[in-house]
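*Asks:*
Protein chains: 2
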Amino acid sequence: MQTSEVSPFQPGLRERNKQQKLERIRQAAWELFHSKGFEATTTREVAELAQIAVGTLFLYVKDKQELLVLIYDEAIEKTMETAFSTIPENATLLDELVHIFGSYFRFYHQNPELARAYVQALLFQSKPGQRQQAATQIERFSKRIAERIVQAQARGELGLQIEVGQACRNFFALYSAALTGWLSGMVGYEETVNSLLRRSLELQIQGLLPD
Amino acid sequence: MQTSEVSPFQPGLRERNKQQKLERIRQAAWELFHSKGFEATTTREVAELAQIAVGTLFLYVKDKQELLVLIYDEAIEKTMETAFSTIPENATLLDELVHIFGSYFRFYHQNPELARAYVQALLFQSKPGQRQQAATQIERFSKRIAERIVQAQARGELGLQIEVGQACRNFFALYSAALTGWLSGMVGYEETVNSLLRRSLELQIQGLLPD
DNA sequence: GGGTTATAATGACTATACTCAGTATTGAGC
DNA sequence: GCTCAATACTGAGTATAGTCATTATAACCC
């Protein structure tokens, strides 16, 4: 066999093996989590399906939760792109926000058990590495929300005096609360998405002061 | 030995034994969680200190997390009472809210690791029994927040058109988000309590509309 | 107080996430 | 192509949350 079939400046065999293994892990975890559920899937099963030893699995992921993050990251990215690229034209900020957050809800709705574990992992990450990742993800999302807020200001829909960053944080907080309320089973999906979310955001925009 | 030393209509020996055991469990868990931490304490240790078998422990508590809820319930109750009974006179609603939520933050600040596990357990409870308990607790809290809102309306500080229930939910959502942000290590304690919380609540009251 | 039933307690056992001392593979210098 | 250091992989082993068939105890009835 030739010593090198790949083009120059490509990563060596080691690196390629690692990439392949990571991909196999991703696929195995996706397959099992979706067919059996997160709790019901053991890490050994994932390792077996990925054709690696258990110990190897934990060289690639810190723990079982990170396996979930690994799987969801890509899908969440796509959800964000779709959400922001399908915002209806000439809509109010409220409608835009309901559309955006609603896209996430629809995504999570595809598999509530996994969503629950994933959101929990994101919101309560203590390990520095994962925490940083979660923070970055929220950051990028907030940036795009901020754009919509600025545009709404330009339309004269929102006041110019408001702190955009704070407004983003508040919107995200209201979304998070709606999400956890639903995922923990306290409120139904339909009620959350069709009613509570909108009213919550609306009240933030309106404020509470007398007319 | 006499057959009955207790007054009539009192619970029998069985019931008293159960109460004593529960109390011993509570004390054992409190002692160990505070001296060693939640993660570092094993359920066997709790059982041993409470002088019962492991199996018995799980007759009283569904899982390790419920052990934490058992301990915190009383303290949280006290925190709520203190928070509401020490509201400063003639303050604005914003100051009242900062005082109330701040009381909780100060309480949780005494032991962030336990607080983290506890809040996580509360917000992500799937077991119906515990979920119901969490919902009830939030409900009672919201009722008392609602009172303050109505009084603020009476003072003319807030509009009469607002939905009080929705306003409560939004305040609670903003508080929860601030709390999880701190507990997951994304934001520091001082910054959260002294700055972010107030600005978040303030923006909800003010709203985002143009002047 | 003896017999019977219902309830409570027990601890050996199971299931499973994660570790780590030992082994194998890769790549670089000669 | 050989040697060796660095890196990657392995799977038996460990720790621990939670279970369940068995045993003990309390309550009740005659």
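The listed protein sequences derive, respectively, from chains Y and R. Residue 10 is where the first sequence starts when you use the working numbering, and the numbers rise one by one after that. Residue 10 is where the second sequence starts when you use the working numbering, and the numbers rise one by one after that. Backbone N, C-alpha and C define an ideal beta-carbon position, used for all residues, glycine too. The structure presented is a predicted model; accordingly, all values stated were derived computationally and were not measured.
Does the beta carbon of Y/ALA186 come closer than 8 Å to any beta carbon on chain R?
*Replies:* By this cut-off, Y/ALA186 is an interface position.
*Asks:* Compute the beta-carbon to beta-carbon distance between Y/VAL78 and Y/TYR127, rounded to the nearest angstrom, for a pair I have assumed lies under 8 Å.
*Replies:* Y/VAL78 to Y/TYR127, Cβ: 7 Å. Contact.
*Asks:* Mind checking whether Y/SER193 and Y/CYS177 have CB atoms under 8 Å apart?
*Replies:* Their beta carbons are not under 8 Å apart, which means Y/SER193 does not touch Y/CYS177 by this criterion.
*Asks:* Output, in sequence order along the chain, the residues in the segment 148-177 of chain Y whose CB is closer than 9 Å to any CB in chain R.
*Replies:* Result list: ILE158, ALA161, GLN162, GLY165, GLU166, LEU167, GLY168, LEU169, GLN170, ILE171, GLU172, GLN175, ALA176.
*Asks:* Contact criterion: CB-CB distance below 8 Å. Does Y/LEU217 meet it with respect to chain R?
*Replies:* With 8 Å as the cut-off, Y/LEU217 counts as an interface residue toward chain R.
*Asks:* Ends of the alpha helix (DSSP H) at Y/PHE133?
*Replies:* Premise fails: Y/PHE133 is in no alpha helix (DSSP H) and is neither H nor E.
*Asks:* Hey, does R/THR12 have any beta-carbon neighbour from chain Y nearer than 8 Å?
*Replies:* The predicted position of R/THR12 is uncertain, since its pLDDT is 36 and thus under 50; a value taken from the coordinates is nonetheless stated next. For R/THR12, the answer is no, since every Cβ of chain Y falls outside 8 Å of its Cβ.
*Asks:* When we look at the beta-carbon of Y/ALA228 and count the other beta-carbons within 10 Å, is it buried (16 or more) or exposed?
*Replies:* Because chain Y is modelled from 10 through 220, residue 228 of chain Y falls outside the range shown and cannot be assessed.
*Asks:* Identify which residue in Y/LEU188, Y/GLU199, Y/PHE180, Y/VAL202 has its Cα closest to the Cα of Y/LEU212.
*Replies:* When each option's Cα is compared against that of Y/LEU212, the closest is Y/PHE180.
*Asks:* Pick from Y/GLU54, Y/GLU148, Y/ARG125, Y/GLU172: whose alpha carbon is nearest that of Y/ARG33?
*Replies:* It is Y/GLU54 whose Cα lies nearest to the Cα of Y/ARG33.
*Asks:* Do you know offhand how far Y/ALA56's Cα is from Y/LEU31's?
*Replies:* Cα-Cα distance, rounded: 11 Å.
*Asks:* For Y/LEU132, return the contacting residues in chain R, with the cut-off set at a CB-CB distance below 7 Å.
*Replies:* Simply THR189, SER193.
*Asks:* On the DSSP letters alone, give me the boundaries of the alpha helix (DSSP H) that Y/LEU205 sits inside.
*Replies:* Unbroken run through Y/LEU205: none, as it is neither H nor E.
*Asks:* Could you name the residues of the segment 201-215 of chain R whose beta carbon sits closer than 8 Å to any beta carbon of chain Y, in the order they occur along the chain?
*Replies:* For the segment 201-215 of chain R, which is checked against every Cβ of chain Y, the residues closer than 8 Å are LEU205, ARG208, SER209, LEU212, GLN213, ILE214, GLN215.
*Asks:* Considering only their Cβ atoms, is the gap separating Y/ALA130 from Y/GLN74 smaller than 8 Å?
*Replies:* Going by C-beta atoms, Y/GLN74 is nearer than 8 Å to Y/ALA130.
*Asks:* For Y/THR88 and R/PRO219, I'd like the C-alpha separation in whole angstroms.
*Replies:* Their backbone Cα atoms lie some 32 Å apart in a straight line.
*Asks:* Given this structure, state the Cα-to-Cα distance separating Y/GLU40 from R/ASN99, to the nearest angstrom.
*Replies:* Looking at the two C-alpha atoms, the distance is approximately 60 Å.
*Asks:* In terms of alpha-carbon separation, which member of Y/ALA37, Y/GLN146, Y/GLN160, Y/PRO97 lies closest to Y/GLU86?
*Replies:* Nearest of Y/ALA37, Y/GLN146, Y/GLN160, Y/PRO97 to Y/GLU86, Cα basis: Y/GLN146.
*Asks:* Quick one: does R/ASN179 have its CB under 8 Å from some CB of chain Y?
*Replies:* Taking Cβ atoms only, chain Y reaches closer than 8 Å to R/ASN179, which makes this a yes.
*Asks:* Give the interface partners of Y/LEU123 over in chain R, defined as CB-CB distance under 9 Å, in chain order.
*Replies:* Simply none; closest approach about 13 Å.
*Asks:* Along chain R, in chain order, which residues have C-beta atoms closer than 9 Å to that of Y/ARG115?
*Replies:* Correct list: empty, because the minimum Cβ distance to chain R is about 21 Å.
*Asks:* In whole angstroms, give me the CA-to-CA distance for Y/PRO97 and Y/THR91.
*Replies:* Rounded to whole angstroms, Y/PRO97 to Y/THR91 spans 12 Å at the Cα level.
*Asks:* For the segment 155-168 of chain Y and the segment 102-111 of chain Y, state whether three or more C-beta atom pairs, one from each stretch, are separated by less than 8 Å.
*Replies:* A contact exists between the segment 155-168 of chain Y and the segment 102-111 of chain Y.
*Asks:* Let me see if you follow: with CB-CB separation under 8 Å, is R/ARG140 close to chain Y or not?
*Replies:* Judged by the 8 Å Cβ criterion, R/ARG140 is in contact with chain Y.
*Asks:* Return no unless some Cβ of chain R is closer than 8 Å to the Cβ of Y/LEU183.
*Replies:* Output row for Y/LEU183: interface = yes.
*Asks:* Less than 8 Å between the C-beta atoms of Y/PHE67 and Y/LEU206, yes or no?
*Replies:* For Y/PHE67 and Y/LEU206, no; Cβs fall outside 8 Å.
*Asks:* Can you find the residues in the same chain that come closer than 8 Å, C-beta to C-beta, to R/ALA186, ignoring five residues on each side of it along the sequence?
*Replies:* SER209, listed in sequence order.
*Asks:* Confirm, please, whether the CB-CB distance from Y/LEU132 to R/THR189 is below 8 Å.
*Replies:* Against a cut-off of 8 Å, the Cβ pair of Y/LEU132 and R/THR189 comes out as a contact.
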